[in-house]
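Take a look at the structure below.
In the working numbering, the protein residues as written are 243 to 339.
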């Protein structure tokens, strides 16, 4: 199974990496590793996390206050948002296919 990012989700990921690098040297790298570990687990077990709607789920990222909002199709995981958990909870709804 493959995965892809909504352009806004990719931007959120890059902005979060930059933010954490500004906070502490190499913390952005640690954050990105945790996000990609979570994506790998999602690819293995796409139905394992909290359902937000019929085809949308959220996987929490280890060690950081972020969730990966995604949808599944037969052959792909589409990442809708890399959501900071203290943000407005439904800001990403207009990104759903």
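Glycine included, C-beta positions come from ideal geometry on N, C-alpha and C.
Note that the structure is a prediction, hence the values are computed from the model and not measured.
For residue 252, the three-state secondary structure derived from DSSP is helix. By the neighbour-count criterion, in which 16 or more other beta carbons inside 10 Å mark a residue as buried, residue 292 falls on the exposed side. For residue 289, the three-state secondary structure derived from DSSP is coil.
Non-local beta-carbon contacts of residue 269 in its own chain, meaning distances under 8 Å to residues more than five positions away in sequence, involve 262, 263 in chain order. Taking each of 288, 274, 338 in turn and checking the Cα distance to residue 307, the smallest one comes out for 274. DSSP places residue 275 within a helical segment (H, G or I) once states are collapsed to three.
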